[in-house]
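There are 2 protein chains.
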Amino acid sequence: MPAESQTRPPRADAVRNRESLLVAAREAFAEHGMDVSVSEIAQRAGIGKGTVFRHFATKESLTAAIVSGRLDELAVTGRTLLEAADPEAALLEFMTAGVELHVSDRSFCQAATTDVRRDPVVRAAADRLSGVAEALTDRARRKGVIRGDITGQDVIRMLTAACQAAAPDEDVTGAWRRYLHLIFDGLRAEGARPLPPLPPTA
Amino acid sequence: MPAESQTRPPRADAVRNRESLLVAAREAFAEHGMDVSVSEIAQRAGIGKGTVFRHFATKESLTAAIVSGRLDELAVTGRTLLEAADPEAALLEFMTAGVELHVSDRSFCQAATTDVRRDPVVRAAADRLSGVAEALTDRARRKGVIRGDITGQDVIRMLTAACQAAAPDEDVTGAWRRYLHLIFDGLRAEGARPLPPLPPTA
DNA sequence: ACACAAGTTGACCATGCGGTCCGCTTATGC
DNA sequence: GCATAAGCGGACCGCATGGTCAACTTGTGT
C-alpha cells in the first residue's frame with residue numbers, strides 16, 4: 001500500500017483531550033481575555049498543564065489557534081451570506097455577526113492590539129476572511145447601494161471599528177447596534193463625499 | 001497666618017524627578033504599550049525604581065495619571081476648537097486630533113480595553129472630555145450639518161472607533177484618515193437613516 | 001493477554017514582575 | 001555650616017507565569 005499514512009493516527013483519548021482543551025480555551029479567553037494562565041485553562045479542561053503543552057508547544061500557538069478559529073467562523077457565516085437575496089442586508093448582517101463575535105469574546109477585542117496577528121496561522125485565516133468580505137462588498141457595490149470607493153478591507157476595518165465603539169466595558173446592553181448602523185450609513189452611496197485615497201504603500 | 005499650607009512644599013529635586021518620570025512614562029507607554037515594566041520606566045527616567053513608587057504608590061495609579069493626562073490634552077484642543085468659525089470643520093478637526101493621539105500612543109489604544117478606565121482619575125478626565133465633545137457636537141448639530149440624533153458620547157465613541165480601524169500595526173502610512181472620513185460621512189445629516197435607539201439603561 | 005509506544009501528569013525551574021525597605025544622600029531653614 | 005527630615009536607590013521579597021521533565025498510565029495492534 002504505497003499511499004499509506006506514515007504516522008499512526010493519534011490516540012482516541014488524545015483527540016478527546018485536545019477537544020476539551022480547545023473548548024476550555026475558547027471559553028476562558030472569551031470571558032477573561034487573552035491573559036488567562038495556561039494552568040487555568042488546563043484546570044478548566046480537566047487536564048494537566050503538561051498536556052496543554054503537548055498539544056500546543058507554546059501558549060502563543062494556542063491563542064493563535066483559537067483566534068484563527070474565530071476568524072474562520074466568521075468567514076463561514078460570511079460565505080453562506082453570499083447566497084442571500086439582498087446584498088445590502090447581507091453585508092449588514094455580516095458586519096453584525098462580526099461585531100457580535102467581538103462583543104461576546106474579550107480576547108478577540110484585545111487580539112486587534114496584540115502581536116497574535118503576526119502569527120502565520122492567524123494571518124492565513126485573516127486573509128480567508130478578507131476574501132469573503134471582498135466578495136460581499138463587491139456584490140453590494142455592484143448593486144449601487146454601497147459607495148464605489150469601498151473595499152473589503154474597509155469593511156473589515158469598519159467592523160472592528162464598530163465593536164471598538166461598542167464600549168467593551170460592562171455595557172452588555174447592545175449599544176453597539178447603534179454604532180454599527182451609524183457606520184453603515186457612512187458606507188452608503190447616497191450623500192457620499194470623496195474619500196482621501198489610501199497612501200501608496202497600502 | 002491662618003491660611004498657611006500645612007505641609008512644606010516639595011523639594012526641588014523631587015519635582016524635577018517627578019517630571020522626568022512622567023515624561024519617561026509617557027514615552028515608554030506610547031512606544032511599547034501599557035505593559036512596560038516599572039523598572040524600565042525608571043531606568044529611562046534616570047531614577048531608581050523606588051523613587052517611582054514614592055511618587056505613585058502603585059503602577060496602576062501611574063498609568064492612570066498618564067492616561068488622564070492624555071485625555072486632558074485632547075480636551076484642551078477641543079476647547080480651543082470651540083472658538084473656531086466653522087463648527088463642522090471644528091468637529092472634524094477635533095476627531096482628527098483624537099485619532100492622531102491614539103495612533104501615536106500604543107498604550108492609549110490598549111487603554112480602551114483595560115480596567116484603567118475604572119480609575120476615578122481617568123473617569124474624571126473622561127467626563128471633562130465628554131463635556132467638550134458634547135459642546136462641539138451641539139454647535140455642529142445646531143448648524144444642521146450633523147444628524148440630529150448624535151450625542152457627544154457618540155462622537156467620542158466613533159473617534160475611538162476610527163483609530164481602531166486605523167490598523168494599530170505597522171501601518172504608519174496614515175490610512176486612518178480614510179476611515180475617519182468614512183465615519184464622519186456617517187455622522188452627516190444628508191442621507192441619514194433613523195438610528196436604533198439606545199437601550200434604556202444607557 | 002501482552003508489550004510498547006503514545007500520552008498524561010504535576011512537581012519543578014527560571015524568569016520577570018510589582019512592591020517593600022532601610023541605609024544613604026541632599027535640599028532646605030536657621 | 002549644621003541639623004534635620006524629605007527624598008533617593010537598588011538589593012530584596014513573594015508571587016505568578018510559561019515552559020520542562022521523568023515517572024507513570026493507558027490505548028492499541030498483534
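Top to bottom, those sequences are chains W and H.
In this text, residue positions in the first sequence follow full-length UniProt numbering: the first is 1, and each later residue adds one.
In this text, residue positions in the second sequence follow full-length UniProt numbering: the first is 1, and each later residue adds one.
Even glycine gets a Cβ: it sits at the ideal position worked out from N, Cα and C.
Just so you know, these numbers come straight off a predicted model, no measurement behind them.
Output the boundary residues of the alpha helix (DSSP H) element that contains residue i.
i: V122 of chain W; result: 120-142
i: D185 of chain W; result: 176-187
i: D35 of chain W; result: From DSSP, D35 of chain W is part of no alpha helix (DSSP H); its letter is neither H nor E.
i: T160 of chain W; result: 152-165
Contact check, residue i vs residue j under 8 Å by CB: the rounded distance?
i: residue 205 of chain H; j: P87 of chain H; result: An answer regarding residue 205 of chain H cannot be provided, because it is not within the stretch 1 to 202 covered by chain H.
i: A125 of chain H; j: L71 of chain H; result: 4 Å
i: H102 of chain W; j: L195 of chain H; result: Rounded, the Cβ-Cβ distance is 20 Å, inconsistent with contact.
i: V52 of chain H; j: V36 of chain H; result: That pair is no contact at about 12 Å.
i: E93 of chain H; j: L81 of chain H; result: 6 Å
i: A133 of chain H; j: I156 of chain H; result: 5 Å
i: G186 of chain H; j: G186 of chain W; result: 3 Å
Taking 6 Å as the limit between beta carbons, can you name the residues of its chain near residue i, skipping five residues before and five after?
i: A111 of chain H; result: V67
i: S61 of chain W; result: none
i: A162 of chain H; result: V99, Y179, L180, I183
i: D119 of chain H; result: A64
i: H104 of chain W; result: Reading the sequence as shown, one finds Ser at residue 104 of chain W and not His. There are no such residues.
i: A45 of chain W; result: S20, L21, A24
i: R123 of chain W; result: none
i: R117 of chain H; result: none
According to the neighbour-count rule (16 or more other Cβ atoms, all chains shown, within 10 Å of its Cβ), is residue i buried or exposed?
i: V99 of chain H; result: buried
i: A57 of chain H; result: exposed
i: R106 of chain W; result: buried
i: D115 of chain W; result: exposed
i: R177 of chain H; result: buried
i: T113 of chain W; result: buried
i: D127 of chain H; result: exposed
i: V15 of chain W; result: exposed
i: T63 of chain H; result: buried
i: T137 of chain W; result: buried
i: V23 of chain W; result: exposed
i: R141 of chain W; result: buried
i: A89 of chain H; result: exposed
i: G144 of chain H; result: exposed
i: A165 of chain W; result: buried
i: A28 of chain H; result: buried
i: D13 of chain H; result: exposed
Apart from the five residues just before and just after residue i, which ones in its own chain have a Cβ nearer than 8 Å to its Cβ?
i: E31 of chain W; result: R106
i: G48 of chain W; result: A42
i: V121 of chain H; result: S61, A64, A65, S68
i: K59 of chain H; result: V38
Sorted by chain position, which residues of the same chain lie with C-beta nearer than 7 Å to residue i's C-beta, five sequence neighbours on each side aside?
i: N17 of chain H; result: I47, T51
i: A192 of chain H; result: R147
i: A97 of chain W; result: L74, T77
i: S130 of chain H; result: G152, Q153, I156
i: V149 of chain H; result: According to the sequence as given, residue 149 of chain H is Asp; it is not Val. Only L195 meet the Cβ criterion.
i: T7 of chain H; result: none
i: A135 of chain H; result: L82
- What are the complete alpha helix (DSSP H) segments, minimum 4 residues, inside the stretch 46-118 of chain H? As far as the stretch 46-118 of chain H is concerned, its whole alpha helix (DSSP H) runs of at least 4 residues are 49-55, 59-81, 87-103, 106-111.
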